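Peer 1: The sequence shown begins at 20 in the working numbering and counts up by one.
Every residue, glycine too, gets a C-beta built ideally from N, C-alpha and C.
Just so you know, these numbers come straight off a predicted model, no measurement behind them.
One structure, as structure tokens, below. Some questions next.
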Amino acid sequence: MQKILLILPAILIFVSCSPSNNPAGPVSTDTVSSNYLVSTYANFSGQYSTPMGVAADSSGILYVCDAASGTIWKISTSDSTVSTITTVNDQTSDIVCDRQGNLYVLSVGQGKILKITPAGAVTTLAGGASGQVDGQGAAAGFKALEAMDIDSAGTIYVADYLSIRRVDQAGNVKTLYIDSTAAEQMLGIACDNNHNVYYAADVEVYRLDSLGNRISIAGQSSPGYQDGTAGTAAFEGINELRLDKSGNLWVNDYNTVRMIAPSQAVTTIAGNGITGFSNGPGNIAEFDLPVGLAIGANGTLFVADEGNKQIRKIVYK
């Protein structure tokens, strides 16, 4: 699955679509867990409000970046009120939060990773140079910033077109891996605290270890929908990955949310594959382009449902 920019009057909007433009459609709800409950956590108003990325800090506060305008929102824990922190005046594709409360945002048009302090000050951590080049700060360049994750030490891992890039707190950018065989650019990435990186090349999920060795975790070479283990599972089009404390990898896959266990078993926990809107048990819930994904401190999932202009909350019943 790829995120595409549609040019409309006076604004750019991210839209996600299947590479074949022929999504699998409804899935058998017999295979979708009913043990998870999907609800609406926050709504976004406005014609061009397009929540793309979502991050959670240690206190449970959520932060959301807007795909088109670059607005950065904050969602309170008390009543889910949405307020604006700042606007970066560029299309954005993902957001993460470090342990000190700093936010990092992928600024797509500028080709930069921006840092936003708790006080709201915006600076460039890395990027801005022409081309995809390693370097420090403004001397580094990115090609197509799509997704990122951050580890406990504050090291950022970025999916940049067909490359995995690492960015430290001094703004040093280093290319770790280039997947020259990928048919589509990388749209999802996650990391652990042992320097393992997980990434999605459209419909397959891989793990890249600290030595640069890559193994396939789950998925097949062609899009489809199938729960199973490792290569017997199939994905329709992955938009985001996040890893929890137990080693489970959570996946936004077209209009479903799925989990890859450490055993590489893939199960669908929410979404019946239909493009729409419905809250309730996972097997009847419906999404419209779930793109961003965050995991709260207690394991609660928060999904940026772009088409429905909402943040959806998923909890185990």
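Please work out which residues of its chain come closer than 7 Å, Cβ to Cβ, to threonine 50, disregarding the five sequence neighbours upstream and downstream, and give them in chain order.
Peer 2: Only Asp246, Thr287 meet the Cβ criterion.
Peer 1: Go through the region 106-178 residue by residue and report every complete run of the beta strand (DSSP E) that reaches 3 residues or more, in order.
Peer 2: 111-116, 122-126, 131-135, 141-146, 164-169
Peer 1: What whole-angstrom Cβ distance do arginine 331 and valine 57 have, given they're in contact under 8 Å?
Peer 2: Right, the Cβ-Cβ distance comes to about 6 Å (below 8 Å), so this counts as a contact.
Peer 1: Tell me which residue opens and which closes the beta strand (DSSP E) that tyrosine 82 is part of.
Peer 2: 81-85
Peer 1: How is threonine 294 classed by DSSP in three states: helix, strand or coil?
Peer 2: Strand, per DSSP.
Peer 1: Sorted by chain position, which residues of the same chain lie with C-beta nearer than 7 Å to glycine 139's C-beta, five sequence neighbours on each side aside?
Peer 2: Ile104, Thr105
Peer 1: Would you report the Cα separation of glycine 315 and alanine 61, rounded to the nearest angstrom?
Peer 2: 15 Å
Peer 1: Can you confirm whether the region 143-157 touches the region 201-208 when touching is taken to mean that 3 or more C-beta pairs between the two stretches lie within less than 8 Å?
Peer 2: Under the three-pair Cβ rule at 8 Å, the region 201-208 does not count as touching the region 143-157.
Peer 1: If you draw a straight line from the C-alpha of proline 70 to the C-alpha of glycine 207, how long is it?
Peer 2: CA-to-CA, the gap between proline 70 and glycine 207 works out to about 16 Å.
Peer 1: Quick check: valine 310 and glycine 290, are their CB atoms within less than 7 Å of each other?
Peer 2: no
Peer 1: Buried or exposed: which applies to isoleucine 175, given that a residue is buried once 16 or more other Cβ atoms fall within 10 Å of its Cβ?
Peer 2: buried
Peer 1: Locate the beta strand (DSSP E) running through threonine 287, then write down its first and last residues.
Peer 2: 284-289 is the span of the beta strand (DSSP E), which, as asked, contains threonine 287.
Peer 1: Could you say which of Asn302, Gly72, Asp117, Ile169 lies nearest to serine 126 if we only look at CA atoms?
Peer 2: Gly72
Peer 1: Mapping DSSP to helix, strand and coil, what is valine 322?
Peer 2: Annotated three-state conformation of valine 322 is strand, per DSSP.
Peer 1: Taking the continuous beta strand (DSSP E) assigned at valine 192, which residues delimit it?
Peer 2: Counting along the chain, the beta strand (DSSP E) containing valine 192 begins and ends at 191-197.
Peer 1: Given a cut-off of 7 Å, decide if histidine 214 and serine 235 are closer than it, judged by their beta-carbon atoms.
Peer 2: no
Peer 1: Return the CA-CA distance between serine 10 and glutamine 329, expressed in angstroms with no decimal places.
Peer 2: With the chain represented from 20 up to 336, any question about residue 10 goes unanswered, as that position is not in the structure.
Peer 1: Would isoleucine 303 pass as a contact of leucine 320 if the rule is Cβ separation under 7 Å?
Peer 2: no
Peer 1: Which term fits asparagine 40, buried or exposed, when burial requires 16 or more other beta carbons within 10 angstroms of its beta carbon?
Peer 2: Caution applies to asparagine 40, whose pLDDT of 39 falls short of 50 and renders its modelled position unreliable; the model cannot decide the point.
Peer 1: Going by the CB atoms, is the gap between glycine 130 and asparagine 108 shorter than 7 Å?
Peer 2: no
Peer 1: What first and last residue would you give for the beta strand (DSSP E) that runs through lysine 93?
Peer 2: 90-94
Peer 1: Rounded to whole angstroms, how far is the Cβ of isoleucine 279 from the Cβ of valine 224, which I believe are closer than 8 Å?
Peer 2: 7 Å
Peer 1: With a 10 Å radius around its C-beta and 16 neighbouring C-beta atoms as the bar for buried, classify tyrosine 335 as buried or exposed.
Peer 2: Only exposed fits tyrosine 335, as fewer than 16 other CB atoms lie within 10 angstroms of its CB.
Peer 1: On the DSSP bridge list, what partners appear for asparagine 327?
Peer 2: The partner list for asparagine 327 (beta bridge, DSSP) is empty, contrary to what the question assumes.
Peer 1: Pick from Asp76, Cys84, Arg233, Ala178: whose alpha carbon is nearest that of aspartate 324?
Peer 2: Residue Cys84 holds the alpha-carbon nearest to the alpha-carbon of aspartate 324 among Asp76, Cys84, Arg233, Ala178.
Peer 1: How would you call glycine 160, buried or exposed, if buried means at least 16 neighbouring beta carbons within 10 angstroms?
Peer 2: buried
Peer 1: If you check the beta carbons only, do aspartate 153 and valine 177 fall under 7 Å apart?
Peer 2: no
Peer 1: Compute the beta-carbon to beta-carbon distance between leucine 268 and alanine 209, rounded to the nearest angstrom, for a pair I have assumed lies under 8 Å.
Peer 2: 6 Å
Peer 1: Distance cutoff 7 Å, beta carbons only. Does alanine 280 sit that close to anything in chain C?
Peer 2: Looking for chain C here will not work: only one protein chain is present.
Peer 1: In three-state DSSP terms, what is threonine 103?
Peer 2: The answer is strand: DSSP assigns threonine 103 an E or B state.
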